[in-house]
Amino acid sequence: MSILRIYPQQETTQLLFTTDTHDHIRARLQQVGVRFEQWHTDTQLTPGASQEDVIAAYAADIDRLINEEGYQTVDVVSLNADNPKKDELRQIFLSEHRHSEDEVRFFVAGEGLFSLHIDDKVYEVLCQQGDLISVPANTPHWFDMGPNPGFIAIRLFNNPAGWVANYTGDTIAERFNRLENGS
Ligand SMILES: CSCCC(=O)/C(O)=C/O
Ligand SMILES: [Fe+2]
Ligand code: NI
Numbered sequence: 085m086s087i088l089r090i091y092p093q094q095e096t097t098q099l100l101f102t103t104d105t106h107d108h109i110r111a112r113l114q115q116v117g118v119r120f121e122q123w124h125t126d127t128q129l130t131p132g133a134s135q136e137d138v139i140a141a142y143a144a145d146i147d148r149l150i151n152e153e154g155y156q157t158v159d160v161v162s163l164n165a166d167n168p169k170k171d172e173l174r175q176i177f178l179s180e181h182r183h184s185e186d187e188v189r190f191f192v193a194g195e196g197l198f199s200l201h202i203d204d205k206v207y208e209v210l211c212q213q214g215d216l217i218s219v220p221a222n223t224p225h226w227f228d229m230g231p232n233p234g235f236i237a238i239r240l241f242n243n244p245a246g247w248v249a250n251y252t253g254d255t256i257a258e259r260f261n262r263l264e265n266g267s
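Going by our numbering, the sequence shown opens with residue 85, and the numbers climb by one from there.
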């Protein structure tokens, strides 16, 4: 179940707002320029499906977003708990950073916790299978896949070089929630 929690940027003792209703999450995130949608497919993807098959299964929504926003490249990232580099990969996303382009991620399977530092608040968005989130360029944010990651995500980029993070150096992420998915 997707969840939105909003806190003051200082701490998590005061929960300003929370909802687990897609429509309410979408409406609240839209107020701060973040796109949140649910995508569907009639294709039955098999475990281990190729990147091409995964992208083809969601071609209609991918093409719609490319037409609307002009993204140049699409890829698929898949991470699971038996990845020997899972701790190293987790850390890459766990510090507050920005991208010079939108961060557009669709969860084909599994889940991930995005934390968006917008104005004087932090928006924690637990995205799950079927959720699309698009964070505007230069929005400070971090992402937690948890100690036992399990997700397949389609990523859309403007920059053909793909993923580039500009870390802010702020330790704010240490004050907020993590994705608790195991030991
Ligand atoms: C869900 S894809 C991995 C997360 C990512 O690409 C990113 O930039 C998180 O901030
Ligand atoms: Fe990011
Ligand atoms: Ni949900």
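Built from N, CA and C at the ideal position, the CB exists for glycine as well.
In the structure shown, lysine 205 falls within a strand segment according to DSSP collapsed to helix, strand and coil. Not one heavy atom of ligand 1 sits closer than 6 Å to the Cβ of glycine 230.
For glutamate 187, the shortest C-beta to heavy atom distance toward ligand 2 is below 6 Å. Residue environment: glutamate 152 is assigned as exposed (fewer than 16 neighbouring CB atoms within 10 Å of its CB, all protein chains considered).
Around the beta carbon of alanine 144, fewer than 16 other beta carbons lie within 10 angstroms, which makes this residue exposed.
The beta carbon of glycine 253 sits no closer than 6 Å to any heavy atom of ligand 1. Between the C-alpha atoms of glutamate 172 and serine 86 there is a straight-line separation of about 26 Å.
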